[in-house]
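One structure is given here, and the rest of the page talks about it.
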Amino acid sequence: MKYLFIATAFLLSLNSFSQNDVIGTLKTEIVQKRELTFALHIPKHTKDKKPLIVFLHGSGEKGTDIEKVKEHGPFKYLKSHELDAYVLAPQCPENEYWNEEVLYRLILKIQKENNIDSSRIYLTGLSMGAWGAWNLVVAHPETFAALVLIAGYVDRIPMIENCKIATIPTRIFHGLLDDVVNVEYSIAMYKKLKTCNTNVTLTIFDDANHDSWSRVYDNQEIYDWMFKQIKNRQNEN
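Taking mature numbering (1 follows the signal peptide of the UniProt record, and there is no 0), I'd label the letters of the sequence shown as residues -18 to -1, 1 to 219.
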């Protein structure tokens, strides 16, 4: 009889809980303050609208020393060559990762303050920067005329929403011997993009480890290719 009483009491307790269920709504606002330092190369002649290259560095260039963003990529190329374009290289703060919405607001700021051709904005990144670029281009595909990704890993969302960038000419590069970011990331994303994007290529350097970007960024060919791509027009291969 004692056990029956306890069981009955337990059932009554459950009924009591269920009768007190409520449905509510919470309205709140979360404000996050973010700060990005950036380097901006301004071309010699700015009377006419010029393209913009947005470059996202890798994890080794995080921090507060802005000169680090010039160690690789377009800014390294600019040390001995000229590019008739704006080049934007933000710096990711230490202990953070690229945030696509912060990056997008930075691009809008740079567009507003400079004579930039909105149909010729190009996005590129290496390693962690390629990861950030994948996320940024999927979040704001309407912004970019071309995409160049090197030695990057890919999150689940770009893999699922790959056809959001079906009309963006894309070049993917990776080193076969990469022991930091597995080449399978680039291969998998390439295969996904090929289902809906007719202007995507994958180049795998058989003899390259993680630094597969130097031979890409140090070559005028990649910049010539980018500058040919114009958003909302038929792109050239």
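Beta carbons are placed, not taken as given, at the ideal position from N, Cα and C, and that holds for glycine. This structure is a prediction, so every number in the text was calculated from the model and none was measured.
Alpha carbon to alpha carbon, how far is K29 from K212? Give it in angstroms, no decimals.
Position 230 of the sequence shown, counted from the first residue, corresponds to residue 212. Position 47 of the sequence shown, counted from the first residue, corresponds to residue 29. Just to set this straight, residue 212 is Ile in the shown sequence, not Lys. Going by the C-alpha atoms only, they are around 19 Å apart.
So, for E11: in the same chain, excluding its five sequence neighbours on each side, which residues have a beta-carbon less than 7 Å away from its beta-carbon?
Start at 1 with the first residue of the sequence shown, and residue 11 comes out as number 29. Result list for E11: empty, nothing under 7 Å.
To the nearest whole angstrom, what separates the beta carbons of V84 and W113, a pair I think is in contact under 8 Å?
Position 102 of the sequence shown, counting from 1, holds the residue named residue 84. Position 131 of the sequence shown, counting from 1, holds the residue named residue 113. That pair is no contact at about 15 Å.
Bridge partners - F187, DSSP secondary structure assignment
Start at 1 with the first residue of the sequence shown, and residue 187 comes out as number 205. Answer is G157, bridged to F187.
Within a Cβ cutoff of 7 Å, which residues of the same chain sit near N217, ignoring the five residues on either side of it in sequence?
For this step, residue 217 is matched to residue 235 along the sequence shown. Here N217 scores only 44 on pLDDT, less than 50, and its place in the model should not be relied on; the value that follows carries that caveat. Hits under 7 Å: P151, N181 and Q211.
For a test of the three-state rule: what should DSSP assign to residue 223, helix, strand or coil?
In the structure as shown, the chain starts at -18 and stops at 219, and residue 223 therefore has no counterpart that could be examined.
Inter-residue spacing [alpha-carbon to alpha-carbon] between N96 and G6:
Taking the sequence shown and counting its residues from 1, the one referred to as residue 96 is at position 114. Taking the sequence shown and counting its residues from 1, the one referred to as residue 6 is at position 24. Looking at the two C-alpha atoms, the distance is approximately 47 Å.
In angstroms with no decimal places, state the Cα-to-Cα distance between S194 and K15.
Sequence index remark: in the sequence shown, residue 194 carries index 212 (1-based). Sequence index remark: in the sequence shown, residue 15 carries index 33 (1-based). Roughly 34 Å between the two C-alpha positions.
Where does P72 sit, in a helix, a strand or coil, going by DSSP?
As a working note, residue 72 is residue 90 in the sequence shown. The answer is strand: DSSP assigns P72 an E or B state.
Counting beta carbon pairs with one atom in the segment 123 to 134 and one in the segment 159 to 172, are three or more of them shorter than 8 Å?
yes
Burial state of R87, where buried means 16 or more other Cβ atoms lie within 10 Å:
For the purposes of this step, residue 87 is taken as the residue at position 105 of the sequence shown. The residue is exposed, with fewer than 16 neighbouring Cβ atoms inside 10 Å.
Does the structure place the segment 91 to 106 close enough to the segment 142 to 149 that three or more beta carbon pairs sit under 8 Å?
no
Local conformation of G42 per DSSP, three classes:
Counting from 1 along the sequence shown, the entry for residue 42 is found at position 60. Residue state, collapsed to three classes: helix.
Going along the chain, which residues of its own chain have a beta-carbon closer than 7 Å to the beta-carbon of K32, five neighbours each way excluded?
The sequence position of residue 32 within the sequence shown is 50, counting from 1. Same-chain partners within the cutoff: P25, D66, A67, Y68, N97, I98 and D99.
Taking all protein chains shown into account, do 16 or more other C-beta atoms lie within 10 angstroms of the C-beta of I(-13), making it buried, or fewer, making it exposed?
Reading the sequence shown from its first residue, position 6 is the one you call residue -13. Bear in mind that a pLDDT of 49 at I(-13), under 50, signals an unreliable position, so the model cannot answer this.
Tell me the rounded alpha-carbon separation between D188 and L8.
Translated into positions along the sequence shown, residue 188 becomes position 206. Translated into positions along the sequence shown, residue 8 becomes position 26. Distance between the alpha carbons of D188 and L8: 54 Å.
Can you tell which of F37, L18, E17 and T19 has the C-alpha that lies nearest to the C-alpha of A128?
To locate residue 128, count along the sequence shown from 1; it is residue 146. When only C-alpha atoms are compared, the closest one is F37.
Pick helix, strand or coil for N219, following the three-state DSSP scheme.
On the sequence shown, position 237 is the one that residue 219 refers to. In this prediction, N219 scores a pLDDT of 46, lower than 50, which makes its location untrustworthy; no coordinate-derived value is stated.
Would you list the one or two residues that DSSP bridges to F37?
Within the sequence shown, the letter at position 55 stands for residue 37. DSSP, once it has assigned bridges, lists T106 as partnering F37.
Quick one: what does DSSP say I142 is sitting in, helix, strand or coil?
Counting from one through the sequence shown, the residue named residue 142 turns up at place 160. Of the three classes helix, strand and coil, the one that applies to I142 here is helix, per DSSP.
By the three-class DSSP mapping on this structure, what secondary structure does D206 have?
Walking along the sequence shown from the start, residue 206 turns up at place 224. It is helical.
Out of C74, L34, H27 and E49, which one is the CA nearest neighbour of G40?
Residue 40 sits at position 58 when you count from the first residue of the sequence shown. If we check each option's Cα against that of G40, C74 comes out closest.
Nearest to E76 (by Cα), restricted to the options D3, T19, N117 and I204:
Against the sequence shown, residue 76 aligns to sequence position 94. Comparing Cα positions, the closest option is T19.
Cβ-based burial, Y(-16) [other Cβ within 10 Å; buried from 16]
Against the sequence shown, residue -16 aligns to sequence position 3. Confidence in Y(-16) is poor, its pLDDT being 45 and thus under 50, which makes the residue's placement too unreliable to answer from.
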